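See below for the structure under consideration.
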Amino acid sequence: MTKKITLAQGAGGELMDQLIKQNILRFFKKQGTAEVPLTALDDAAVIDDIVFSTDSHTVQPLIFPGGDIGSLAVCGTINDVAVVGGAPLALSAGFIIEEGFSLDIFQTIVKSMGHMANKANVPIVTGDTKVVEKGALQQFMINTSGIGKRSPALEKNIKEVKRHRKFNSRWLLDSNLTVGDTLILSGNIGEHGIALLSFREGYGFETTIHSDIAPLNGLMSALLAEGGIASAKDPTRGGLANTVNEFSEKSHVGLLLYEDAIPIPKGVQSACDMLGIDPLEIGNEGKVVLGVVKEKADDVLAVLKKHPLGKHAAIIGEATDKVSGVVLQTTVGGKRILRKPLGDPVPRIC
Ligand code: MG
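Structure below.
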């Protein structure tokens with residue numbers, strides 16, 4: 004029997020991880036002078052001090068409360084460049100359009116991309132447009148790639164980390180955490196996935212929740228100027244659960260998360276309860292999880308709280324040798340292991 008690729012293998016969890024490791028990485032072993040190579044499976048690669056990332060977007064529905072596939076494609080790539088310590092310079096946009104797709108909707112989406120690129124101050128400078136026969140794909144997909152240079156504040160940030168502990172990375176990688184570091188989440192989680200689901204055919208529940216789509220490059224440079232950040236990652240596909248497990252695996256360190264401190268809006272929690280899904284596994288598009296040296300945690304939190312994208316920021320955990328993997332702890336003392344999601348509770352949201 005021929006093996007076939009399943010939807011779950013594209014969901015950002017454990018199964019996708021296996022697909023990438025077993026079927027992709029082994030054919031791309033030669034990485035030239037890449038300082039952060041493909042095999043790091045980080046948010047972006049780094050080669051000759053250029054930060055480089057790419058992302059394809061296959062959202063259903065294309066337009067939803069708080070955004071659309073266009074604003075998502077722009078922010079998704081900007082954020083992946085920004086969270087490794089890059090200052091995003093420019094983007095590419097590749098469109099694949101199904102024959103018969105509405106020109107009006109196409110224009111609405113492209114306009115939204117332009118608007119978001121202007122807002123983030125990262126121009127779209129190259130692109131490609133293809134149209135495929137009806138039925139070859141569902142409506143419309145966008146690929147964006149982004150390049151960035153080393154963020155001007157990155158040296159200062161690293162200096163600040165080194166004042167408090169050993170640190171030998173030049174970038175904010177998933178593998179940089181060490182025992183004692185503090186985990187900070189920049190705001191509410193779960194909004195993007197729930198906003199999308201509420202608009203999806205067949206779900207149609209009432210909610211006022213909007214997607215959190217936002218470009219994080221401005222926030223990241225403010226945070227780097229404060230300093231003390233060792234790792235940063237945007238909790239997109241697979242949600243916070245996936246992000247913290249990536250941190251733990253790649254840094255070889257246990258993470259203890261304070262369950263009650265994780266900011267989950269009431270509307271997200273009740274929608275999750277109704278749908279039987281875990282808000283920690285839902286993708287977000289305007290959030291960052293930071294690993295910060297503990298001496299700088301309060302200062303970094305203060306910078307977040309002052310920024311419009313960090314109002315609900317919170318300290319959510321710590322790196323420790325007292326647990327292995329990721330453990331959630333409640334204030335009354337209950338503990339449970341938080342695993343990487345296997346697939347995606349809400350498919351096709353990014
Ligand atoms: Mg990312």
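Be aware that the sequence shown starts at 4, since it is given in the numbering used here, and climbs by one per residue. Ideal Cβ placement from N, Cα and C applies to all residues, glycine included. On a predicted model such as this, the values are computed, not experimentally measured, just so you know.
Suppose only complete runs of 3+ residues qualify. What are the beta strand (DSSP E) ranges in the region 63-125, listed by chain order? With a minimum length of 3 residues, the unbroken runs of beta strand (DSSP E) contained wholly in the region 63-125 fall at 89-101.
Helix, strand or coil: how does DSSP classify Q332 here? Here residue 332 refers to the residue found at position 329 when the sequence shown is read from its first residue. Note: Q332 maps to strand in three-state DSSP.
In whole angstroms, what is the alpha-carbon distance linking V247 and F208? By 1-based counting over the sequence shown, the position of residue 247 is 244. By 1-based counting over the sequence shown, the position of residue 208 is 205. Each residue's CA atom was taken as its position, placing V247 and F208 some 30 Å apart.
Can you tell me which of D263, P268 and K299 puts its alpha carbon nearest to the alpha carbon of A233? Taking the sequence shown and counting its residues from 1, the one referred to as residue 233 is at position 230. It is K299 whose Cα lies nearest to the Cα of A233.
At what residues does the alpha helix (DSSP H) containing F55 begin and finish? Position 52 of the sequence shown holds residue 55. Segment I53 to H60 is the beta strand (DSSP E) holding F55; no alpha helix (DSSP H) there.
Assumed close pair A96, I145 - CB separation to whole angstroms, cut-off 8 Å: As a first step, residue 96 must be located in the sequence shown, where it is residue number 93. As a first step, residue 145 must be located in the sequence shown, where it is residue number 142. A Cβ-Cβ separation of about 6 Å places A96 in contact with I145 under the 8 Å criterion.
Can you tell me whether L186 is helix, strand or coil according to DSSP? Here the question's residue 186 lines up with position 183 in the sequence shown. Residue state for L186 is assigned as strand, using DSSP reduced to three classes.
L260 vs K325 beta-carbon contact at 9 Å: Locating residue 260 in the sequence shown gives position 257, where the first residue counts as 1. Locating residue 325 in the sequence shown gives position 322, where the first residue counts as 1. For L260 and K325, no; Cβs fall outside 9 Å.
With a 10 Å radius around its C-beta and 16 neighbouring C-beta atoms as the bar for buried, classify K290 as buried or exposed. Numbered from 1 along the sequence shown, position 287 holds the residue referred to as residue 290. Here K290 is buried, its C-beta having at least 16 other C-beta atoms within 10 Å.
Looking at the secondary structure, which residues open and close the alpha helix (DSSP H) in which T246 lies? Within the sequence shown, residue 246 is the residue found at index 243, counting from 1. Unbroken alpha helix (DSSP H) run through T246: G242 to S254.
If you scan the region 292-339 from start to end, which runs of the beta strand (DSSP E) of 3 or more residues do you find wholly inside it? List check, beta strand (DSSP E) in window: 292-295, 317-323 and 329-332.
For the ligand MG, list every residue whose C-beta falls under 7 Å from any of its heavy atoms, going in chain order. Cβ atoms closer than 7 Å to the ligand MG belong to D46, N82, D83, V86, K236, D237 and T239.
According to DSSP, what are the bridge partners of A48? Along the sequence shown, read from residue 1 onward, the residue named residue 48 stands at position 45. A48 is bridged to F55.
In whole angstroms, what separates the C-alpha of E158 from that of P64? As a working note, residue 158 is residue 155 in the sequence shown. As a working note, residue 64 is residue 61 in the sequence shown. So the alpha carbons of these two residues sit roughly 41 Å apart.
Just to confirm, are A244 and R166 a CB contact at a threshold of 9 Å? On the sequence shown, residue 244 is found 241 positions in, with the first residue counted as 1. On the sequence shown, residue 166 is found 163 positions in, with the first residue counted as 1. In this structure, R166 does not lie closer than 9 Å to A244 by Cβ.
In or out: S240 buried (at least 16 other Cβ within 10 Å) or exposed? By 1-based counting over the sequence shown, the position of residue 240 is 237. The amino acid at residue 240 is misidentified as Ser; the sequence shows Arg. Burial of R240 is indicated by the presence of at least 16 other C-beta atoms within 10 angstroms of its C-beta.
Short Cβ contact (9 Å threshold) for G79 with V49: As a first step, residue 79 is located in the sequence shown; it is residue number 76 there, counting from the start. As a first step, residue 49 is located in the sequence shown; it is residue number 46 there, counting from the start. For G79 and V49, no; Cβs fall outside 9 Å.
Where does I161 fall in DSSP's three states? Translated into positions along the sequence shown, residue 161 becomes position 158. Looking at I161 - three-state DSSP - the assignment turns out to be helix.
Find the nearest neighbour of D71 within the set L304, D347, I216 and V256, judged by alpha-carbon distance. Taking the sequence shown and counting its residues from 1, one reaches residue 71 at position 68. Relative to D71, the option among L304, D347, I216 and V256 whose CA is nearest is I216.
Mapping DSSP to helix, strand and coil, what is D131? Within the sequence shown, the letter at position 128 stands for residue 131. In the three-state scheme derived from DSSP, where H, G and I count as helix and E and B as strand, D131 is classed as strand.
Assigned exposure category for F30 - 16 Cβ within 10 Å defines buried: As a position in the sequence shown, residue 30 is number 27, starting the count at 1. By the 10 Å Cβ count, F30 comes out exposed.
Any heavy atom of the ligand NAP within a distance shorter than 8 Å of the CB on N171? The ligand NAP is not part of this structure, which contains only the ligand MG.
Only counting the same chain, and skipping five residues up and downstream in sequence, which positions put a Cβ closer than 7 Å to that of R351? Here residue 351 refers to the residue found at position 348 when the sequence shown is read from its first residue. Taken in chain order, the residues that qualify are T61, V62 and Q63.
Grab the span of the alpha helix (DSSP H) containing L199 for me, first residue to last. Looking up residue 199 in the sequence shown gives position 196. Counting along the chain, the alpha helix (DSSP H) containing L199 begins and ends at E194 to F202.
Looking at the secondary structure, which residues open and close the beta strand (DSSP E) in which G151 lies? The residue labelled residue 151 in the question sits at position 148 within the sequence shown. G151 -> beta strand (DSSP E) spans F143 to R153.
C-beta contact flag for F250 and L307 at 9 Å: What you label residue 250 is simply residue 247 of the sequence shown in a count that begins at 1. What you label residue 307 is simply residue 304 of the sequence shown in a count that begins at 1. No, the pair does not count as a contact, with Cβ atoms beyond the cut-off.
Classify K269 as helix, strand or coil using the three-state DSSP reduction. Locating residue 269 in the sequence shown gives position 266, counting from the first residue. DSSP places K269 in helix when its eight states are reduced to three.
Cβ pair count under 8 Å reaching 3, the region 173-190 against the region 310-327: At 8 Å Cβ cutoff, the stretches touch.
Would the region 13-21 count as touching the region 112-125 if we require 3 or more Cβ pairs under 8 Å? Not touching, per the Cβ criterion.
To the nearest angstrom, how far is the alpha carbon of N124 from that of N220? As a first step, residue 124 is located in the sequence shown; it is residue number 121 there, counting from the start. As a first step, residue 220 is located in the sequence shown; it is residue number 217 there, counting from the start. Rounded to whole angstroms, N124 to N220 spans 9 Å at the Cα level.
What's the gap between the Cα of V271 and the Cα of A264? For this step, residue 271 is matched to residue 268 along the sequence shown. For this step, residue 264 is matched to residue 261 along the sequence shown. Spanning the two alpha carbons is a distance of roughly 15 Å.
Pick from Q110, R173 and G149: whose alpha carbon is nearest that of S59? The residue you call residue 59 lines up with position 56 of the sequence shown. Nearest of Q110, R173 and G149 to S59, Cα basis: G149.
Residue interval of the beta strand (DSSP E) (run including S234): The residue given as residue 234 occupies position 231 in the sequence shown. Segment I232 to K236, the beta strand (DSSP E) holding S234.
DSSP-derived helix/strand/coil call for L260: Looking up residue 260 in the sequence shown gives position 257. Correct three-state label for L260: strand.
With H, G and I counted as helix, E and B as strand and the rest as coil, what does DSSP make of A274? By 1-based counting over the sequence shown, the position of residue 274 is 271. In the structure shown, A274 sits in a helix (DSSP, three-state: H, G or I).
For G230, count the other beta carbons within 10 Å of its own beta carbon; 16 or more makes it buried, fewer makes it exposed. Which is it? Residue numbering aside, residue 230 sits at position 227 when the sequence shown is read from its first letter. Burial call: buried.
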